[in-house]
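These notes concern the structure reproduced below.
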Amino acid sequence: MNKLMGRRASLGALAGLAAAPLLASKASAKPATRMPQVTIYHLEGRRSERLVWLMEELGLPYDLKFKRGDLAGSMAMIREFSPVVPMAPTVKYGDQVLVESGAIIELILNRHAPGKLQPALDSRDYPDYLMWIHFAEGSLAARLFSDYRAWMAQPPKQRSRLVDSEAVVQFAEDFLGKHPWFGGSAFSGADIMMMFPLNAATGLNLVEVSQFPNIAAWKVKIEARPAYQRMLAKARPDGMIGNLPRLPQHAPSGQRQTPEPRN
Ligand SMILES: N[C@@H](CCC(=O)N[C@@H](CS)C(=O)NCC(=O)O)C(=O)O
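Numbering (my numbering), first residue to last: 2 to 264.
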């Protein structure tokens, strides 16, 4: 190590920052690391589909564990394997047990699929890609399911706008007005992360589907992907099961501007 690098590394260690760009650009140039055995614990139609879809896109091997047609049975399997935080996906990665679909996607792409399904670190697309990877769970799913739970816990008398849900879905709609994919110019892991919550948004009738034409067109492109179709055949062999109830129909557009009291 030369003097300058030594100084940069030690300052970096102190600040926790400065050496990072050097390490990151080296890491992205590395060839794929050998992948340990990957087992995906799955619930049909739920977030664990993301990982099945990812592996299908990449052509990487994986085992898939679930009880066909039996969400409670699949959940019991997950609970038996990982009682502390039983959730789908739970992934056995070598001898490590992992949850959080976004983190697992980043891990697989960065270690085992360099250069695939994510923009280059120094590209203009990369910040957007990373934002959507995290937005999918951190803001989108969080706000959608919080609106859904509030509605179910205390159903209002009349349909009103779900302002939080509309705002987060509108943000995605606007981005797709300017870019073909959530990773910018090419399909990426960000699209894999965004499909589940955007399907939930319209599937549960949290937002009015006709207000979001860019998202509808993006879903058509997603559904045409062979890897997405392979995922459906393997991970949802009988179609969607155990659907949550949809919210009631939206009021006609003129009336939607005035939120109704919740009770
Ligand atoms: N942020 C997590 C969310 C995982 C999650 O909540 N999964 C749901 C299925 S879509 C689940 O396990 N629900 C069953 C439960 O929480 O008991 C991720 O993205 O992996």
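Glycine is no exception: its CB is placed at the ideal position from the N, C-alpha and C atoms.
Would you report the Cα separation of residue i and residue j, rounded to the nearest angstrom?
| i | j | result |
| --- | --- | --- |
| residue 1 | residue 197 | The requested residue 1 does not occur in the structure, where the chain is confined to residues 2 to 264. |
| residue 138 | residue 45 | 18 Å |
| residue 213 | residue 83 | 38 Å |
| residue 153 | residue 128 | 36 Å |
| residue 106 | residue 210 | 28 Å |
| residue 130 | residue 67 | 30 Å |
| residue 121 | residue 223 | 22 Å |
| residue 164 | residue 140 | 13 Å |
| residue 23 | residue 41 | Reliability fails at residue 23, whose pLDDT of 35 lies under 50, so the model's placement of it is uncertain and no value is given. |
| residue 99 | residue 63 | 14 Å |
| residue 180 | residue 239 | 33 Å |
| residue 119 | residue 36 | 18 Å |
| residue 136 | residue 170 | 11 Å |
| residue 189 | residue 85 | 31 Å |
| residue 232 | residue 176 | 26 Å |
| residue 160 | residue 249 | 7 Å |
| residue 142 | residue 32 | 34 Å |
| residue 265 | residue 123 | The structure shown has nothing for residue 265, since the chain only spans 2 to 264. |
| residue 251 | residue 55 | 34 Å |
| residue 237 | residue 182 | 24 Å |
| residue 101 | residue 191 | 14 Å |
| residue 244 | residue 104 | 26 Å |
| residue 158 | residue 202 | 21 Å |
| residue 97 | residue 108 | 13 Å |
| residue 148 | residue 116 | 37 Å |
| residue 162 | residue 246 | 18 Å |
| residue 184 | residue 230 | 21 Å |
| residue 221 | residue 114 | 26 Å |
| residue 59 | residue 69 | 24 Å |
| residue 241 | residue 133 | 25 Å |
Hey, residue i and residue j are a contact pair by Cβ (cut 8 Å); roughly how many whole angstroms apart?
| i | j | result |
| --- | --- | --- |
| residue 166 | residue 150 | In fact, because the Cβ distance is near 12 Å, the residues do not count as touching under 8 Å. |
| residue 90 | residue 80 | Contact doesn't hold; Cβ gap of about 14 Å is too wide. |
| residue 92 | residue 61 | About 12 Å separates the two Cβ atoms, so there is no contact after all. |
| residue 34 | residue 112 | 5 Å |
| residue 228 | residue 57 | 4 Å |
| residue 65 | residue 235 | 6 Å |
| residue 95 | residue 38 | 7 Å |
| residue 173 | residue 199 | 7 Å |
Is residue i near ligand 1, with its Cβ less than 7 Å from a heavy atom?
| i | result |
| --- | --- |
| residue 205 | no |
| residue 233 | no |
| residue 101 | yes |
| residue 138 | yes |
| residue 88 | yes |
| residue 47 | yes |
| residue 44 | yes |
Mapping DSSP to helix, strand and coil, what is residue i?
| i | result |
| --- | --- |
| residue 119 | coil |
| residue 210 | helix |
| residue 242 | coil |
| residue 149 | helix |
| residue 64 | strand |
| residue 203 | helix |
| residue 85 | coil |
| residue 31 | coil |
| residue 99 | strand |
| residue 93 | strand |
| residue 185 | strand |
**OP:** Take every Cβ of the stretch 72–81, pair it with every Cβ of the stretch 215–232, and state whether three or more of those distances are shorter than 8 Å.
**Re:** no
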